[in-house]
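Here's the structure, in structure tokens; my notes come after.
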Amino acid sequence: MELNLQAIREGWSTQTLLDTMINRVFSGKIAVVSSFGIESAPLLHMVAQVDRTVPVIFLDTGKLFPETLRYRDTLVERLGLTRVRAVPPNEATLAAVDSDGTLWRSDPSLCCWARKVEPLDEALAGFEAWITGRKRFQGGKRSDLALVESGDDGRTKVNPLAFWNEADLAAYFAAHDLPRHPLEARGYRSIGCAVCTRPTKPGENPRAGRWSGTDKTECGIHDRGAVVDARGAGI
């Protein structure tokens with residue numbers, strides 16, 4: 003089916019957008035990329051309502067909170083997702099740039115590239131589109147997020163929750179009795195790797211606990227920047 007992606011109206015329901023992209027526009031060629039973080043359950047629940055067999059890519063960086071891994075398993079079982087794939091970093095890359103596991107201290111951007119950007123590039127091979135959980139209220143470069151956009155990797159990115167706010171998420175969690183990430187009760191509002199994530203303080207942006215103390219706000223899978231492959235090839 004041909005569809006002018008630019009013509010998609012903001013008035014489309016989230017479920018309609020997901021159904022259209024998964025079953026009509028990119029049938030068999032679309033994946034979900036999920037961190038199984040604080041806000042992940044509503045999107046995964048909606049995807050499961052459309053098709054439980056849609057591939058879900060989970061970047062297992064080797065630095066995640068144990069609670070995130072357990073939460074992933076809880077959601078997979080609860081939602082009946084059948085094609086969740088944990089994607090680890092490339093061992094050769096880690097040997098070249100982070101052999102002692104401390105790169106996050108000296109060069110967090112290169113660390114994110116090695117543990118997230120490169121693995122995702124490889125995992126998305128063969129897909130024409132991917133679904134993200136980004137939202138405008140998260141601020142920064144996400145503030146003017148579109149429902150559908152062209153990624154710098156040539157793939158289409160679908161952001162079904164772009165216009166959702168925190169109240170919308172809370173209502174969805176309650177309406178469907180979805181389990182919460184266990185770290186939310188400890189003040190975490192956005193979760194990445196354990197080594198570079200802290201709880202947020204009252205009044206802070208939801209993502210303020212990510213890479214705290216640096217000017218870094220994104221891991222790079224959405225905003226790649228100018229990271230150089232330490233093995234010699236520019237990306």
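For the sequence shown, counting from 1, position 219 maps to 221 in this note's numbering; every step adds exactly one. For each residue, glycine too, the CB sits at the ideal point set by N, CA and C. On a predicted model such as this, the values are computed, not experimentally measured, just so you know.
Minimum Cβ-Cβ distance from residue i to chain C less than 8 Å
i, result
"D155", "Included in the structure is just one protein chain, with no chain C present."
Beta-bridge partners of residue i, as assigned by DSSP
i, result
"A169", "According to DSSP, A169 bridges with nothing at all."
"C195", "L66"
Within 8 Å, strictly: CB atoms of residue i and residue j
i, j, result
"P91", "T55", "no"
"R87", "E130", "no"
"F67", "L185", "yes"
"V58", "V27", "no"
"A242", "A148", "Outside the shown range of the chain (3 to 237) lies residue 242, about which nothing can therefore be said."
"T223", "L105", "This sequence places Ile at residue 223; Thr is not what is there. It is not a contact, given that the beta carbons lie outside the stated cut-off."
"I32", "H183", "no"
"P162", "L71", "no"
"G189", "T202", "yes"
"L77", "K118", "no"
Residue i - containing alpha helix (DSSP H), residue span
i, result
"T18", "16-22"
Collapsed DSSP secondary structure at residue i in the structure displayed
i, result
"A131", "strand"
"R212", "strand"
"E206", "coil"
"Y174", "helix"
"P184", "helix"
"A164", "coil"
"D225", "coil"
"D155", "coil"
"D123", "helix"
Residue range of the unbroken beta strand (DSSP E) whose run includes residue i
i, result
"A33", "32-35"
"S29", "Run containing S29: none; DSSP gives neither H nor E here."
"S152", "150-152"
"K143", "That residue, K143, is in no beta strand (DSSP E); it is neither H nor E in DSSP."
"K159", "158-160"
Any beta strand (DSSP E) of 3 or more consecutive residues that is wholly inside the segment 39-121: As summarised for the segment 39-121, the continuous beta strand (DSSP E) elements at least 3 residues long and confined to that stretch are 58-61, 86-89, given in chain order.
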